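First comes the structure, then the notes that go with it.
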Amino acid sequence: MRNLIRVAGQRLVVNIDGSLMLLVSLIIGLGLVTLYSATKETPARFNAQLVNISTGLVAMWIAAQVPQKLLERLAVPAYVIGLVLLIGVAFAGDIVNGARRWLNLGFTRIQPSEIMKIAIPLALAWFFNRAEGTARTREFIVAALLLVVPVALIMKQPDLGTAMLVSAAGFYAIFLAGLSWRVILTLGGIGAASIPFIWPLLHDYQRRRISMFLDPTQDPLGAGYHTIQSTIAVGSGGVLGKGWLNGTQTHLEFIPERHTDFIFAVVSEEFGLVGNVVLVILYISLITRGMVIASNAATTFSRLLAGSLVLSFFTYAFVNMGMVSGILPVVGVPLPFVSYGGTALVTLFIGIGILMSLTRRRALSRT
Amino acid sequence: MALGELHNEERELQHFQLRIAFAGVVVLIAFGLLVTRFGYLQIVQHTYYKTRAEDNRISVVPVQPSRGLVQDRNGVVLARNFAAYTLEITPKLVPDVDATITELASIVNIEQRDRRRFKRLSDESRGSDSIPIRTKLSDEEVARFAANKFRFPGVDIRARLFREYPLGLVASHVIGYIGRISGKDLEKLGEGSKLAEYRGADHIGRTGLEAAYETELRGTVGSAQVEIDAGGRAVRTLESTPAVAGNNLILTLDIRLQEIAERAFGDFRGALVAIEPDTGGVLAFVSKPGFDPNLFIDGIDPQNWEALNNSPDRPLNNRALAGTYPPGSTFKPFMAVAGLQLGKRTPEFSIADSGSFGLPGVNHRWRDWKLSGHGTVNLHRSIVISCDTYYYGLGNDLGIDSIHNFIGRFGFGQLTGIDVPGEKPGLLPSQAWKQARYNQKWYAGDTISVSIGQGYNLATPLQLAQATAILANNGVVYKPHLVRHVQDPNTGTSRAIEPAPERTVALDPRWVELVKKAMVDVTKPGGTAAAAGLNAGYLWGGKTGTAQVVAIKQGEKYDEARVAERHRDHALFVAFAPADKPRIALAILVENGGHGSSTAAPIARTVVDYFLLGKVPANMPDLNPDAGDGD
Chain R
7 MRNLIRVAGQ RLVVNIDGSL MLLVSLIIGL GLVTLYSATK ETPARFNAQL
57 VNISTGLVAM WIAAQVPQKL LERLAVPAYV IGLVLLIGVA FAGDIVNGAR
107 RWLNLGFTRI QPSEIMKIAI PLALAWFFNR AEGTARTREF IVAALLLVVP
157 VALIMKQPDL GTAMLVSAAG FYAIFLAGLS WRVILTLGGI GAASIPFIWP
207 LLHDYQRRRI SMFLDPTQDP LGAGYHTIQS TIAVGSGGVL GKGWLNGTQT
257 HLEFIPERHT DFIFAVVSEE FGLVGNVVLV ILYISLITRG MVIASNAATT
307 FSRLLAGSLV LSFFTYAFVN MGMVSGILPV VGVPLPFVSY GGTALVTLFI
357 GIGILMSLTR RRALSRT
Chain U
-14 MALGELHNEE RELQHFQLRI AFAGVVVLIA FGLLVTRFGY LQIVQHTYYK
36 TRAEDNRISV VPVQPSRGLV QDRNGVVLAR NFAAYTLEIT PKLVPDVDAT
86 ITELASIVNI EQRDRRRFKR LSDESRGSDS IPIRTKLSDE EVARFAANKF
136 RFPGVDIRAR LFREYPLGLV ASHVIGYIGR ISGKDLEKLG EGSKLAEYRG
186 ADHIGRTGLE AAYETELRGT VGSAQVEIDA GGRAVRTLES TPAVAGNNLI
236 LTLDIRLQEI AERAFGDFRG ALVAIEPDTG GVLAFVSKPG FDPNLFIDGI
286 DPQNWEALNN SPDRPLNNRA LAGTYPPGST FKPFMAVAGL QLGKRTPEFS
336 IADSGSFGLP GVNHRWRDWK LSGHGTVNLH RSIVISCDTY YYGLGNDLGI
386 DSIHNFIGRF GFGQLTGIDV PGEKPGLLPS QAWKQARYNQ KWYAGDTISV
436 SIGQGYNLAT PLQLAQATAI LANNGVVYKP HLVRHVQDPN TGTSRAIEPA
486 PERTVALDPR WVELVKKAMV DVTKPGGTAA AAGLNAGYLW GGKTGTAQVV
536 AIKQGEKYDE ARVAERHRDH ALFVAFAPAD KPRIALAILV ENGGHGSSTA
586 APIARTVVDY FLLGKVPANM PDLNPDAGDG D
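Here the protein sequences come in this chain order: R and U. Our numbering puts the first residue of the first sequence at 7, with every later residue one more than the last. Our numbering puts the first residue of the second sequence at -14, with every later residue one more than the last.
Structure representation (structure tokens):
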């Protein structure tokens, strides 16, 4: 009997990477402690987050069991479904807060842009894997097109944050596939030069966010409010923080979205610089582990997929913390494994699950 | 697998690992940048942001002290406080004030009057203030607004202490009123470097005792550090310095006597001051017509203000101490004392009054009020029948400077120093004064009019009462005052304002007795106030007076019936009672009342009857100390 349990236990953890699991658990633990404080006035959210985490863990476990071959086969369908749904959103999406982001499927509402966070790395990894070793200019142009179409649709919604994250994920895949430095630098230059032309195409609120980022004091009670208040929260936390549940900016509701996009302000205020550094070290460790997995992966597909996913995690964490501490503009990017929210969390867990699945591949191919 | 392919794969892996390593470096640099930013905010700028966070959450709110009560000598409350809700707008936080008010009007009753007052107050206010649009909201209105609060940022319900004068018009000139502190007040306070004392305060005493005893009544504003959330709602009080309540004033005034005196005036305008001669305590202080001080507390609305300010009856004028009138014949007893004391007259000296008086080398004849004259008149009779001719001669013999110097000791022509602001000094002329004022020589003829209280002679009713009190008190002078005790409500201890004799007018008791005796006879059959003194049941002294409003031409006869009401003479009466040991001295002025004997003396009788005998006039409704309490 005991044997049976042990075997079942082994079956359960067989494809689970120990160090990834540990790091994710630590971040989630810190996140839950913070979320408890941030949602003290609305405890139902905390319980809902526990459910989200459970769902995410299941999704991660399933993803970790998927063989690499199946992942490769899923890449194209995932991309096509994601694209179709995005087109569906553009025509028939629900409008929430002035943006058309959600698609009502009748039984549930989904955010197709979220699918693209995984589908883009999958599709590009699949594409470069097919062109194995012969990645030339033509391939890079096709890859760029594969990326630009969904990104344009997401920008149209408009959802600048997700569009940026998806294009970052795609860019990482292309970069890791070996796009030449010359092209990168040239495109970077063109991008910088085109800012004045893109500016008029942006939505008012997007322009406002960017100009607020450059000078939040322009409108301290309006658009600049988020940045000013979160910066105050971070700075007032000091080295050791004000202590758990003692953040005044948090508990007196000076920080909007304090349980979602701005939860890092709560970490900073209550746990101070020490809490921030701990969190940063955890993220660096998680990313390092992911990079090791990518470096050790057997195929181009697994390498690019792992590398793109892990650098996406980095982007989420960096952009979110940068925004809360006032060095990046306010975009809707949650803090990985800490912010409240179901969809984004499940996507992250699936990403981790895929990373775990890619470790196993490597291990198996060695024996 | 071909070797070349293997080699190719190896190279590709190397290439990939190089790129990953590069990405790793970028990751480290990026996180390093973040940690640097955290360090900058959390170490270098920590103090700044900590202050910002504290400023966010802590708001210091003033705690209003309760203003001292004003009570009469028997403890009847004349000014008090009550708590009520006000609806206040902070204009700075409201983009369109007019639209907001219109919208508010659908929830609570806001009248045109309220709007006008709001406008006036916001014109006077100091920027960041919240200004009441409605005061004294009903519970229902409070509930209705609370339910709609979210629609009105910058509009709040505040519980405030309100000043209330429960007796309304009664004694309004004495008590005065408070008003909201305006920008002009702040300027004035700033000049006196008293601004700090008023930080957070919103009312200040404007007139009467409310102004004179402002420092006693005001109390000290406290403060509370309140933790507020992002919506500005108070979460809890962190620290507070309690407000210290102001001191209570207990007056010498007898509000029942006051009310009886006020009603005795009927529809007449005028003033009455009654003083306790041996303390200087003011027993009654009337200026008619009065006004309702309650109108002023939170800013009078322009309509009421216009009505009060432009009324020909001048209800806002404090006639008792700022109205200056010729004292008329009430001046005669003091002239008599002067004549005796300065040796210009003896009790026995008498004149043969033919009805007029002339000066050698002057064409003009000064007439007595009785054209046929009074026949043989000595000093006693000159007071009883109020003979003018006797005083023409006496005045001429004394000379203006003697009159000025001697009678000035009774307080004519100078401030009494009463503890209510706004006093006028009146005028007791002298040669030097005329020289300075008109650059003219004094003529002997000028003295003649002054001798019977006319001419340049001007006195306030308060001065007349004070002079009468000095005479009644045999020359011992007490400063007239209204406040008897200042009581600290926190400790319950009270500090008496002890009356101390200011000075003494040196008077021969024989002469004082003689003049007083003559004044007593004024109220007896044969005296000018005989009708008012009829069946008094006590002995009291008095002197009638009539002050001309329009000069009568030489040879013209004054016909009361023909003169327009406003041009009729003012009636005066001074009195003390009881005769042997006076406990009350009073002066009455009835504007356009005609003769002192017919309108002023009966008022004195009513007042003294109540004061000495407790007799309440028949038409007097029961006095209710809470009368006028509308709520």
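The C-beta atom is built at its ideal place from N, Cα and C for all residues, glycine as well. All values derive from a computational prediction rather than experimental measurement.
Chain U contact residues for residue i, given Cβ-Cβ distances below 7 angstroms
i                : result
Val283 (chain R) : Val20
Val286 (chain R) : Phe16, Leu19 and Val20
Whole-number beta carbon distance between residue j and residue i, since they are thought to touch under 8 angstroms
i                : j                : result
Pro531 (chain U) : Gly313 (chain U) : In the sequence as displayed, the identity of residue 531 (chain U) is Thr instead of Pro. Confirmed, Cβ separation roughly 5 angstroms.
Leu288 (chain R) : Leu91 (chain R)  : No, Leu288 (chain R) and Leu91 (chain R) are not in contact; Cβ-Cβ is about 33 angstroms, not under 8 angstroms.
Ala125 (chain R) : Ala84 (chain R)  : 4 angstroms
Arg58 (chain U)  : Arg469 (chain U) : 6 angstroms
Leu443 (chain U) : Gly407 (chain U) : Contact doesn't hold; Cβ gap of about 16 angstroms is too wide.
Gln71 (chain R)  : Asn21 (chain R)  : 6 angstroms
Gln448 (chain U) : Thr401 (chain U) : 6 angstroms
Leu621 (chain U) : Met320 (chain U) : Any property of residue 621 (chain U) remains undetermined from this structure, which presents chain U solely from -14 to 616.
Gly328 (chain R) : Leu19 (chain U)  : 6 angstroms
Candidates the options: closest to residue i by CA position
i                 : options                                   : result
Ala517 (chain U)  : U:Leu492, U:Phe558, U:Pro151 and U:Phe135 : U:Phe558
Gly599 (chain U)  : U:Gly522, U:Val206, U:Ala549 and U:His580 : U:Gly522
Glu126 (chain U)  : U:Lys502, U:Gly255, U:Leu146 and U:Thr71  : U:Thr71
Ala491 (chain U)  : U:Pro510, U:Lys509, U:Asn458 and U:Lys173 : U:Asn458
Val507 (chain U)  : U:Gly581, U:Ala131 and U:Thr264           : U:Gly581
Ala69 (chain U)   : U:Arg241, U:Gly477, U:Phe103 and U:Thr120 : U:Thr120
Leu364 (chain R)  : R:Leu109, R:Gly15 and R:Ala300            : R:Ala300
His349 (chain U)  : U:Pro262, U:Ser296 and U:Ser434           : U:Ser434
Val471 (chain U)  : U:Phe7, U:Arg480 and U:Lys464             : U:Arg480
Gly338 (chain R)  : R:Gly313, R:Gly281, R:Gln212 and R:Phe97  : R:Gln212
Ala256 (chain U)  : U:Tyr162, U:Glu333, U:His158 and U:Thr264 : U:His158
Pro297 (chain U)  : U:Lys273, U:Ser44 and U:Gly384            : U:Lys273
Gly112 (chain R)  : R:Lys123, R:Asp100 and R:Arg106           : R:Asp100
Leu(-2) (chain U) : R:Leu130, R:Phe307 and R:Asn326           : R:Phe307
Leu130 (chain R)  : R:Ile116, R:Gln117, R:Trp108 and R:Val154 : R:Val154
Ala174 (chain R)  : R:Ser186, R:Val157, R:Trp187 and R:Leu185 : R:Val157
Thr353 (chain R)  : R:Ser43, R:Pro127 and R:Gly243            : R:Pro127
Asn233 (chain U)  : U:Pro311, U:Tyr198, U:Phe137 and U:Thr361 : U:Tyr198
Val344 (chain R)  : R:Ala239, R:Gly62 and R:Arg12             : R:Gly62
Arg148 (chain U)  : U:Ile142, U:Phe397, U:Pro287 and U:Leu280 : U:Leu280
Leu456 (chain U)  : U:Asp187, U:Tyr428, U:Val229 and U:Thr315 : U:Thr315
Val500 (chain U)  : U:Leu54, U:Tyr162 and U:Leu364            : U:Leu364
Chain-ordered chain R contacts of residue i [CB-CB under 9 angstroms]
i                : result
Arg221 (chain U) : Near Arg221 (chain U) there are no residues of chain R at all, since even the closest Cβ is about 11 angstroms away, more than 9 angstroms.
Ala144 (chain U) : Those within 9 angstroms of Ala144 (chain U) in chain R number zero; the least Cβ separation is about 23 angstroms.
Asp214 (chain U) : His257, Leu258, Glu259 and Phe260
Under 8 angstroms by beta carbon: chain U residues contacting residue i
i                : result
Ser331 (chain R) : Leu19, Arg22, Phe23 and Leu26
Ile238 (chain R) : Tyr34, Arg37, Ala38 and Asn41
Leu5 (chain R)   : Since the first and last residues shown for chain R are 7 and 373, residue 5 (chain R) lies out of range.
Chain-ordered chain R contacts of residue i [CB-CB under 7 angstroms]
i                 : result
Phe1 (chain U)    : Leu182 and Arg309
Glu(-5) (chain U) : Simply none; closest approach about 11 angstroms.
Gln97 (chain U)   : Per Cβ cutoff of 7 angstroms: no residues; Gln97 (chain U) is ~33 angstroms from chain R at best.
Amino acids of chain R, ordered along the chain, whose beta-carbon sits closer than 8 angstroms to that of residue i
i                : result
Lys35 (chain U)  : Gly241, Ser242 and Gly244
Arg136 (chain U) : The contacting residues do not exist; Arg136 (chain U) stays about 18 angstroms from chain R at best.
Contacts that residue i makes with chain U (C-beta to C-beta distance below 9 angstroms)
i                : result
Gly328 (chain R) : Ala15, Leu18, Leu19 and Arg22
Phe320 (chain R) : Ala8, Val11, Val12, Ala15 and Phe16
Q: Report the residues of the segment 73 to 106 of chain R with a CB closer than 8 angstroms to any CB of chain U, ordered along the chain.
A: none
Q) Can you list, in chain order, the stretches of the alpha helix (DSSP H) that have 4 or more residues and sit fully within the segment 418 to 490 of chain U? A) 429 to 436 and 446 to 457
Q) What are the start and end residues of each continuous alpha helix (DSSP H) run of 4 or more residues lying completely inside the segment 172 to 244 of chain U, in chain order? A) 193 to 197 and 199 to 203
Q: May I ask you to list, following chain order, the residues of the segment 246 to 266 of chain R that have a beta carbon less than 7 angstroms from some beta carbon of chain U?
A: Only Thr254, Gln255, Leu258, Glu259 and Phe260 from the segment 246 to 266 of chain R bring a Cβ to less than 7 angstroms from some Cβ of chain U.
Q) Can you list the alpha helix (DSSP H) stretches of 4 or more residues lying completely in the segment 273 to 357 of chain U, in chain order? A) Whole alpha helix (DSSP H) segments, 4+ residues: 287 to 295, 304 to 307 and 317 to 326.
Q: Would you mind listing the beta strand (DSSP E) stretches within the segment 81 to 114 of chain U that are 3+ residues and don't spill past its ends, in chain order?
A: none
Q: Taking only beta carbons into account, state which residues of the segment 288 to 303 of chain R come closer than 8 angstroms to chain U, listed in chain order.
A: Tyr289, Ile290, Ile293, Thr294, Met297, Ala300 and Ser301
**Q.** Residues of the segment 457 to 478 of chain U with Cβ closer than 8 angstroms to any Cβ of chain R, in chain order
**A.** For the segment 457 to 478 of chain U, no residue has a beta-carbon sitting nearer than 8 angstroms to a beta-carbon of chain R.
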